[in-house]
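Below is one structure, written out as C-alpha cells; comments come after it.
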Amino acid sequence: MTASDRRVVAASPDIDKLAGQVARSIPCGWIDVPDERIANETMTEPDQTLRSDRLSLVPLEHSHRAALLAAAGDGWLWELRFTNVPGSDTIDAYVDAALTGRAGGTVIPYVIVVDGEVVGSTRFWKLDRANRKVEIGHSWIAASWQRSFVNTEAKYLMLVHAFERLDCVRVQFTTDVLNERSRAAILRLGAVEEGIVRHERIMPDGRKRDSVRFSIIDDEWPDVKRGLEARRGRSGRASTLATGPP
C-alpha cells in the first residue's frame, strides 16, 4: 500500500463505522472494541449476582458498609498486617475506591452473602480485555466462616464466571509471602505457584511486601473445575449455580 493509499483509507469515514459493526457482531464474553463503553458493559456486568444454593456474591454497594464492618469485626481482621480489611476509620475509603474502580471498568467488587448475612468480600480486578485475563483478590472472610465451604464456593463461582462467561485465558491470584494460610488455600484451588514478586507493594505500616503470584490458565480449567466440584461435593450438599439479580 502506498502512502497515498494509506491517506485515502485513513480519511474514509466508513472505516471506523464498519469496524464497530463487525466488533458488535462477535459473540464473545468480552470484546476489545473501539467503543470502550461496550467493552465495559460486557465485562463488568455491574448488576450481575453470582450465586449457588449456598451463598451469593452480590455487587458491592454503599449500603453494605455496616454489614462489612460487622463481618470484619468477627476476628478483628483489620489488625492483620498482611491483608487489607476495612475498619471503622477506613470503611468509607474502602467502599468508595471499589465503586470508583467499578465505574471505571477496572474492578468488579462483591460482598459474600450466606443466608442473608454478609460474611466477607472479594473482587475481580486488574481486568485486561486485550489479553483476556483477570485477577481475583481483595478477598477476606469473617473469622467464624473461615475453614468452611465459603472460600471454595466463592472462588468456584468466580472461576466459572471468569472462564465460562468472560472467556478468560488466565486468572491470577497474588498474596503476601507471609500469609501461609492464604498461600495454602490458593494451592488447594488448583492454582500453580509462579514465583515471588519482590517489593510488589508497600503496606500501610510501611513494610515493603514480597508477594507470591499464582495462576490458573484456560487449558487447566477443566481439570481444576472437576477438582473443585469434587471438593464441594465432599463438604456437603451439591450446589446449583445460578446468575441474576439478588
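Residue numbers (full-length UniProt numbering): 1 to 246.
For each residue, glycine too, the CB sits at the ideal point set by N, CA and C.
Quantities reported herein were computed from a predicted structural model and do not represent experimental measurements.
| Check | Outcome |
| --- | --- |
| Quick test of your reading: PRO109 and ARG123, contact by CB under 8 Å. State the CB separation rounded to the nearest angstrom. | 4 Å |
| Kindly indicate which three-state DSSP category TRP145 falls into: helix, strand or coil? | helix |
| CB LEU157 to CB LEU69, shorter than 9 Å? | no |
| Sorted by chain position, which residues of the same chain lie with C-beta nearer than 6 Å to ASP210's C-beta, five sequence neighbours on each side aside? | VAL177, ILE196, ARG198 |
| Cβ atoms of LEU159 and TRP221: under 9 Å apart, would you say? | yes |
| Can the beta-carbon of residue 276 be found closer than 9 Å to that of SER144? | Residue 276 is absent from the structure shown; the chain starts at 1 and stops at 246. |
| Please report how far the alpha carbon of HIS64 lies from the alpha carbon of VAL85, in whole angstroms. | 14 Å |
| For the candidate residues ASN131, LEU166, LYS133, VAL114, whose alpha-carbon lies nearest to that of ASN151? | VAL114 |
| Which same chain residues, not among the five before or five after LEU189, have their C-beta less than 6 Å away from its C-beta? | LYS155 |
| What residues match up with PHE173 in a beta bridge as DSSP calls it? | PHE214 |
| Taking residue 247 as part of the beta strand (DSSP E), name the residues at either end of that continuous run. | Residue 247 falls outside the range modelled here, since the chain spans only 1 to 246, and no answer is possible. |
| Looking at VAL107 and ALA93, is the spacing between their C-beta atoms short of 9 Å? | no |
| With 16 other CB atoms within 10 Å as the buried threshold, where does GLU135 fall? | buried |
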